[in-house]
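Count along the sequence shown from 1, add 28, and you get the number used in my numbering. Each residue gets a CB set at the ideal place from its N, CA and C atoms; glycine is no exception. For clarity, every value in this text was computed on a predicted model and none was experimentally measured.
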Amino acid sequence: MGYLISAAIVVAALVLAVMLLTNFLQQALLYHPDTRRTLPGELGLAGVEERVFAARDGSEILTWAARPAPGRPTILYFHGNGGSFIDRAERIRKYTAKGYGMVMLTWRGFGGRTGRPSERANVSDAEDVYEALVAEGVKPESIVVYGESLGTGVAAQLAAKKPVAALVLDAPYTSIVAMAERYYPYLPARWLMTDRYETMRYLSRITAPALVIHGEADEIIPTGMGREVARGIGDRATFVSIPGAGHTDHYMFGSFEIITAWLDERFPPTAITGRARDQTAAATR
Numbered sequence: 029m030g031y032l033i034s035a036a037i038v039v040a041a042l043v044l045a046v047m048l049l050t051n052f053l054q055q056a057l058l059y060h061p062d063t064r065r066t067l068p069g070e071l072g073l074a075g076v077e078e079r080v081f082a083a084r085d086g087s088e089i090l091t092w093a094a095r096p097a098p099g100r101p102t103i104l105y106f107h108g109n110g111g112s113f114i115d116r117a118e119r120i121r122k123y124t125a126k127g128y129g130m131v132m133l134t135w136r137g138f139g140g141r142t143g144r145p146s147e148r149a150n151v152s153d154a155e156d157v158y159e160a161l162v163a164e165g166v167k168p169e170s171i172v173v174y175g176e177s178l179g180t181g182v183a184a185q186l187a188a189k190k191p192v193a194a195l196v197l198d199a200p201y202t203s204i205v206a207m208a209e210r211y212y213p214y215l216p217a218r219w220l221m222t223d224r225y226e227t228m229r230y231l232s233r234i235t236a237p238a239l240v241i242h243g244e245a246d247e248i249i250p251t252g253m254g255r256e257v258a259r260g261i262g263d264r265a266t267f268v269s270i271p272g273a274g275h276t277d278h279y280m281f282g283s284f285e286i287i288t289a290w291l292d293e294r295f296p297p298t299a300i301t302g303r304a305r306d307q308t309a310a311a312t313r
């Protein structure tokens with residue numbers, strides 16, 4: 029009996045050690061933050077400011093935000109697993125130059141934020157910022173949710189839970205578990221991972237039109253995953269693969285033009301200009 033108890037203790041200790049090691053590896057492999065806190069003005073981003081939102085657990089959510097031109101939508105942007113705002117400054121510059129509003133949040137432990145990132149925390153922060161924008165008067169029908177790489181899992185979950193105008197998924201995956209199994213087949217990822225980002229579970233609940241883009245030369249997340257995500261959304265999704273593009277260089281291959289053309293079909297600049305002019309004229313009568 030004493031032998032069995034000792035053996036059980038050893039097994040339990042080994043299981044606990046594996047779980048702790050898996051959690052450590054999950055953090056180390058999944059999240060690669062740039063921890064510097066930088067202001068938009070330091071990068072010459074005119075009209076962009078740091079805004080702090082309150083998370084439901086009392087922590088601060090750091091965002092870079094810009095107001096939209098009249099009639100233009102606001103892009104609620106969730107970035108990937110590396111870097112922070114600094115690495116997306118040019119994207120912010122391009123979208124705001126076309127009149128789109130932008131609210132980009134960064135994950136806990138990134139960009140000067142405190143705390144540790146996790147799927148639960150990231151999704152919760154995304155929901156909190158969405159609710160704060162709606163409370164401020166930003167209508168759901170003018171919110172475009174944009175997810176990049178890791179952020180696509182957060183974007184899909186938000187769009188499945190909340191009404192939004194449109195969804196853009198830039199290099200999405202089917203699940204982080206599937207990614208872990210692809211790169212670390214010798215680890216029991218399916219049993220031990222807590223940050224699972226199981227995107228496919230949420231797709232059937234997305235009612236907004238969606239654009240899924242993926243580089244055909246993506247060596248990080250295979251293009252096939254992007255196709256599978258688009259199929260999961262169904263006829264609400266448009267899938268575009270970009271020849272020659274990898275995982276993070278889409279904008280060198282025209283993805284910005286593809287995305288803005290798709291958005292402009294839903295938010296025509298000429299119609300917006302006309303509405304703004306009519307509203308101004310009405311206000312001066």
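(1) Would you kindly work out how many angstroms separate the C-alpha atoms of L73 and K122, rounded to a whole number?
(2) Rounded to a whole number of angstroms, what is the C-alpha to C-alpha distance between R84 and A154?
(3) Would the beta-carbon of Y128 fall within 7 Å of that of I103?
(4) For R294, is the classification buried or exposed, using 16 other Cβ atoms within 10 angstroms of its Cβ as the cut-off for buried?
(5) Restricting to runs no shorter than 4 residues, where is the alpha helix (DSSP H) found entirely within the segment 252-298?
(6) From which residue to which residue does the beta strand (DSSP E) around E159 run?
(7) According to the Cβ coordinates, are G272 and F281 closer than 7 Å?
(8) Sort out for me which residues DSSP pairs V76 with in a bridge.
(9) So, helix, strand or coil for L178, using DSSP?
(10) Name the DSSP bridge partner or partners of P237?
(11) Determine the burial state of R233: buried for a count of at least 16 other Cβ atoms within 10 Å of its Cβ, exposed for fewer.
(12) Just list the residues that DSSP pairs F106 with in beta bridges.
(13) Measure the CB-CB distance between V205 and R224 and report whether it falls below 7 Å.
(14) In three-state terms, what does DSSP make of P61?
(15) Quick check on DSSP: helix, strand or coil for T227?
(16) Can you round the beta-carbon distance between A238 and A265 to whole angstroms, since I take them to be within the 8 Å contact cut?
(17) Do you know offhand how far G139's Cα is from M132's?
(18) Please state the DSSP three-state secondary structure of F138.
(19) Specify the secondary structure class of E88 as computed by DSSP and reduced to three states.
(20) To which residues of the same chain is V173 closer than 6 Å at the C-beta, ignoring the five residues directly before and after it?
(21) According to DSSP, is D198 part of a helix, a strand, or is it coil?
(22) Report the rounded CA-to-CA distance for S203 versus G243, giving the unit in angstroms.
(23) Can you pull the DSSP bridge partners for G69?
Well, looking at it:
(1) 10 Å
(2) Rounded to the nearest angstrom, the two C-alpha atoms are 11 Å apart.
(3) yes
(4) exposed
(5) 283-294
(6) First-last for E159: 147-163, but that is the alpha helix (DSSP H), not the beta strand (DSSP E).
(7) yes
(8) Paired residue(s): none; V76 is not in a bridge.
(9) helix
(10) Paired residues: none, contrary to the question.
(11) exposed
(12) L133, G175
(13) yes
(14) strand
(15) helix
(16) 4 Å
(17) 12 Å
(18) F138 falls in the coil class under three-state DSSP.
(19) strand
(20) L104, A183, L186, A187, V192, L195
(21) strand
(22) 18 Å
(23) Partner(s): none; G69 has no beta bridge.
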